[in-house]
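Numbering (this note's numbering), first residue to last: 55 to 180. We put the CB at the ideal spot given by N, CA and C, even for glycine. Down below is the structure, laid out as C-alpha cells.
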C-alpha cells in the first residue's frame with residue numbers, strides 16, 4: 055500500500071511556514087506595486103509548484119515487514135522495520151515512534167494509518 059506523509063509537530067509547521075513565505079513575498083510585491091507585475095506572478099507560480107511538490111513527493115509505502123519512506127528528492131530511502139520500532143503511539147492522524155534511538159512523528163491519512171496500525175499490532179500479537 056502506498057500513501058503520502060507529512061512531518062508532524064513543530065518540524066511540519068516550520069517546513070510549511072517557509073513555503074508560505076513565498077506566497078507572502080508575492081503578496082508584498084502585489085501590495086507594493088498595486089498592479090499585477092512579473093514578481094507577483096513569478097512568486098505565485100513558484101509557490102504553487104513548491105507546495106505541490108512538497109505535498110505529492112512525500113510518499114510512504116507499507117510493506118509486510120517495514121514502513122518505507124520514499125525520498126522527496128534523491129535516492130535515499132528510509133526503512134523502518136516493525137520489529138525494531140518502539141514506543142509506537144497512534145493518534146487520529148499521526149504516528150509517533152522511536153527507531154534506532156531517534157523519535158519520528160508523521161502525519162498520514164486515516165486509511166494508510168489504519169493499515170499501518172493493523173500491520174504493527176499484527177506483529178506484536180504474533
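Enumerate in chain order the residues of its own chain whose CB-to-CB distance from residue i is below 7 Å, with the five nearest sequence positions on each side excluded.
i           : result
residue 112 : 58, 59, 60, 126
residue 153 : 134, 138, 139
Across which residues does DSSP place residue i in a beta bridge pair?
i           : result
residue 57  : 114
residue 62  : According to DSSP, residue 62 bridges with nothing at all.
residue 121 : 116, 134
For residue i, name the three-state secondary structure that DSSP assigns.
i           : result
residue 136 : helix
residue 142 : strand
residue 151 : strand
residue 160 : strand
residue 90  : coil
residue 127 : coil
Beta-carbon separation of residue i and residue j under 8 Å?
i           : j           : result
residue 55  : residue 166 : yes
residue 80  : residue 101 : yes
residue 105 : residue 73  : yes
residue 94  : residue 78  : no
residue 161 : residue 171 : no
CB-CB under 8 Å to residue i, same chain, minus the five flanking residues each way: which ones, in chain order?
i           : result
residue 131 : 122, 123, 124, 125
residue 136 : 119, 120, 121, 173, 174, 177
Grab me the residues of residue i's own chain with a C-beta within less than 6 Å of its C-beta, minus the 5 sequence neighbours each way, in chain order.
i           : result
residue 143 : 150
Which whole-angstrom value is the C-beta distance of residue i and residue j, which I expect to be below 8 Å?
i          : j           : result
residue 62 : residue 168 : Between residue 168 and residue 62 the Cβ distance is about 17 Å, and since that is not below 8 Å, they are no contact.
Using a threshold of 7 Å, is the CB atom of residue i nearer than that to any non-hydrogen atom of the ligand SAM?
i           : result
residue 129 : For the ligand SAM, the structure offers nothing, since it holds no ligand at all.
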